[in-house]
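S.K.: Protein chains in written order, with this note's numbering: chain A, 23 to 381; chain B, 106 to 427.
Glycine included, C-beta positions come from ideal geometry on N, C-alpha and C.
Here it is, the structure, as structure tokens.
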């Protein structure tokens with residue numbers, strides 16, 4: 023529309039010119055106007071950006087502020103204080119101060135965790151906790167910051183708030199805010215729950231005996247399944263190791279002959295050969311419902327059997343807590359004999375060890 | 106009479122043979138009784154100064170329906186990479202002379218627990234660091250034949266307080282289908298290998314701050330909880346980032362934070378990676394568009410070549426029409 027108008031003005035008194043010529047003359051004018059419009063829009067956009075930037079530089083108000091204490095008893099020592107808030111303004115935070123309303127803070131604070139803010143140091147002076155960032159960087163607006171400090175001593179009974187201020191290196195304020203009140207009292211009962219790292223290991227078998235006879239296949243090869251359940255809340259899960267005596271499945275008879283292992287270790291697990299043969303070994307299967315990190319060692323896949331070792335082999339691992347449903351593991355002991363196996367009682371001690379992983 | 110004798114004989118034979126049949130079908134165990142034991146240890150390191158003795162309680166639980174006798178034996182423990190724990194099978198040469206475990210056997214009542222203690226005396230001059238006291242809780246073997254034992258291995262951590270040098274090294278790598286700096290996928294996935302390269306154990310935590318360009322708001326902050334990293338051990342932490350747009354430059358800024366010389370200060374290790382993430386769908390659309398363009402151009406070229414000299418719309422045609 024404006025292009026048409028411009029074209030008309032540009033044409034002036036040449037009303038008798040043909041429409042084609044008029045249009046050809048109007049084209050450069052339209053381009054210039056478009057260019058002018060774009061420049062105007064860009065200028066306005068730039069102005070808006072500058073205004074926004076200036077607004078961002080002004081001190082803002084921290085949001086989502088919270089202050090939590092691990093013990094709200096008056097004058098309690100070794101208390102952890104946790105502060106969390108969200109930045110309102112982008113800025114290079116050099117220091118953060120936490121000033122308690124009224125009362126007197128004491129203790130030697132130490133940093134337990136600092137999320138959302140770079141590494142730094144903490145100190146308490148004149149009732150103000152100051153966290154100083156070692157190498158400040160720009161923290162954009164909307165970043166959640168969490169700082170947990172230990173080693174503080176509560177003030178006397180009363181209701182307190184914490185004034186939180188984030189500052190530039192020039193000590194100019196970036197953002198500030200005040201936490202909701204926390205009641206420090208002598209008459210309150212502090213409730214603390216410490217959940218221990220726990221692991222429960224259940225086995226349905228204490229001992230087993232095979233009455234074997236090489237004359238009949240059904241009696242020459244026998245198996246027993248030991249069922250295991252494991253429950254743990256260890257963050258990094260657990261490991262299950264299988265081991266046996268150094269002497270293996272050994273006879274108390276003359277010469278102490280032993281039934282050999284089907285393989286030298288888990289890594290060389292094989293399909294069980296079957297009678298007539300003299301061999302012993304085990305296979306592992308299991309399920310970890312709700313435990314994403316549950317894994318049975320791949321050497322047992324395809325019904326492979328491994329020989330026991332005295333050093334032990336890690337047959338099952340879990341890299342996550344089991345959750346409320348126990349992991350179930352079945353360990354099948356398979357033993358076969360032939361006429362080369364001396365008559366007598368063979369004994370061994372198989373040890374399953376479950377160890378929580380550290381986190 | 107003969108029939109009765111025959112029936113009795115058949116009955117006797119059946120009585121003798123039947124158990125054999127059962128034996129052949131289920132050749133099995135003499136002792137089968139579920140046995141449960143549980144062990145709990147303090148979740149945090151116990152602070153003990155050199156020359157002092159710490160009495161550390163552990164809890165041995167018996168969720169089963171019959172009492173269980175257990176013994177608690179100290180064993181050397183190796184903390185391996187990625188949180189794995191390995192027992193040496195022998196007493197800890199460093200700590201066994203300074204550690205007292207409860208005398209065997211302790212009876213844990215059915216459905217109950219006991220709280221034995223482990224006494225650890227820290228030798229004078231021991232330098233500030235974290236130390237691990239390993240032990241194994243073993244039920245008393247029962248039955249005959251092949252004995253099966255379910256034991257639980259665990260350890261308690263002691264912290265000798267004081268300033269110490271801590272140092273971590275790290276490497277951020279990107280996994281998945283990559284074409285140089287471009288990753289094909291719906292997210293940027295990778296892993297951080299963190300290694301303790303200092304002379305002391307480190308408890309570290311961290312965060313992965315994710316930004317995306319050209320479309321993205323404030324960084325997305327994904328926090329890692331505190332993890333233990335013994336000396337010369339490493340741990341792999343999985344990280345990922347969502348681009349928020351089918352084609353975006355995604356930047357992961359992984360910060361690993363850990364105490365400085367003392368707990369009053371922290372230090373950090375920052376690992377950064379910027380990758381152009383292209384969604385397979387976006388790639389498919391681009392390929393389809395390019396293919397379409399190519400087909401169109403070929404079609405146009407073919408039409409130009411096959412069109413008659415005086416086709417409509419050309420100068421010649423206009424002249425012809427005139």
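1. Can you tell which of 342(A), 381(A), 330(A) has the C-alpha that lies nearest to the C-alpha of residue 290(A)?
2. In whole angstroms, what is the alpha-carbon distance linking residue 78(A) and residue 141(A)?
3. Quick check on residue 27(A): buried or exposed, where buried means 16 or more other Cβ atoms within 10 Å of its Cβ?
4. Name the DSSP beta bridge partners of residue 272(B), please?
5. For a contact defined as C-beta to C-beta under 9 Å, what are the partners of residue 132(A) on chain B?
6. Does the distance from the C-beta atom of residue 374(A) to that of residue 255(B) stay below 7 Å?
7. Looking at chain A, which residues of the segment 250-272 of chain B have a Cβ within less than 9 Å of any of its Cβ atoms?
8. State the beta-bridge partners of residue 366(A) as determined by DSSP.
9. With a CB to CB cut of under 6 Å and the five nearest residues on each side skipped, what residues in its chain are close to residue 118(A)?
10. Of all the options 184(B), 194(B), 180(B), which has the alpha carbon lying nearest to the alpha carbon of residue 202(B)?
11. Less than 7 Å between the C-beta atoms of residue 370(A) and residue 190(B), yes or no?
12. Which of the three DSSP states, helix, strand or coil, is assigned to residue 395(B)?
13. Identify whether residue 410(B) lies in helix, strand or coil by the three-state DSSP scheme.
14. Would you say residue 299(B) reaches chain A, if we count a Cβ-Cβ gap shorter than 7 Å as a contact?
15. In its own chain, which residues sit with a C-beta less than 6 Å from the C-beta of residue 331(B), not counting the 5 before and 5 after it?
16. I'd like the span of the alpha helix (DSSP H) that includes residue 382(A), first residue to last.
17. Can you confirm whether the segment 205-225 of chain A touches the segment 250-257 of chain A when touching is taken to mean that 3 or more C-beta pairs between the two stretches lie within less than 8 Å?
18. Relative to the C-alpha of residue 213(B), which candidate in 261(B), 283(B), 279(B), 142(B) has its C-alpha closest?
19. Return the chain-ordered ranges of every beta strand (DSSP E) run that is complete within the segment 167-213 of chain B and spans a minimum of 3 residues.
20. Pick helix, strand or coil for residue 148(B), following the three-state DSSP scheme.
21. In this structure, how does DSSP classify residue 322(A) when only helix, strand and coil are distinguished?
22. Within its chain, find whatever has a CB closer than 8 Å to the CB of residue 270(B); leave out the 5 residues flanking it on each side and keep chain order.
23. Could you tell me which of 191(A), 286(A), 306(A), 252(A) sits nearest to residue 246(A), measuring between CA atoms?
24. If contact is defined by three or more beta carbon pairs under 8 Å, each pair taking one atom from either stretch, is the segment 132-149 of chain A in contact with the segment 199-207 of chain A?
25. Would DSSP call residue 385(B) helix, strand or coil?
26. Specify, as a first and last residue, the run of the beta strand (DSSP E) that residue 368(B) falls within.
27. Could you check if residue 410(B) is buried or exposed, using at least 16 other CB atoms within 10 Å of its CB as the buried criterion?
M.R.: In short:
1. Selected option, being the one with the closest Cα: 330(A).
2. The predicted position of residue 78(A) is uncertain, since its pLDDT is 44 and thus under 50; a value taken from the coordinates is nonetheless stated next. Each residue's Cα considered, the two are about 24 Å apart.
3. In this predicted model, residue 27(A) has a pLDDT of only 32, less than 50, meaning its place in the structure is not dependable; the value taken from the coordinates is given anyway. With fewer than 16 other CB atoms across the displayed protein chains lying within 10 angstroms of its CB, residue 27(A) is exposed.
4. Note: residue 272(B) is not bridge-paired with any residue in the DSSP secondary-structure output.
5. 364, 367, 368, 369, 370
6. Yes; because the gap between Cβ atoms is below 7 Å, this pair is in contact.
7. 250, 251, 252, 253, 254, 255, 256, 257, 258, 259, 260, 262
8. In DSSP, residue 366(A) forms no bridge with anything.
9. 153, 188
10. 180(B)
11. no
12. helix
13. helix
14. no
15. 308, 310
16. Here chain A comprises residues numbered 23 to 381, so residue 382(A) is not present and cannot be evaluated.
17. yes
18. For residue 213(B), the nearest C-alpha among the options comes from 142(B).
19. Listed in chain order, they are 173-179, 182-184, 190-192, 211-213.
20. coil
21. helix
22. Within the same chain, residue 270(B) has close Cβ partners 303, 304, 305, 366.
23. 306(A)
24. No: fewer than three Cβ pairs fall under 8 Å.
25. helix
26. Note, residue 368(B): premise wrong, no beta strand (DSSP E); not H, not E.
27. Residue 410(B) comes out exposed.
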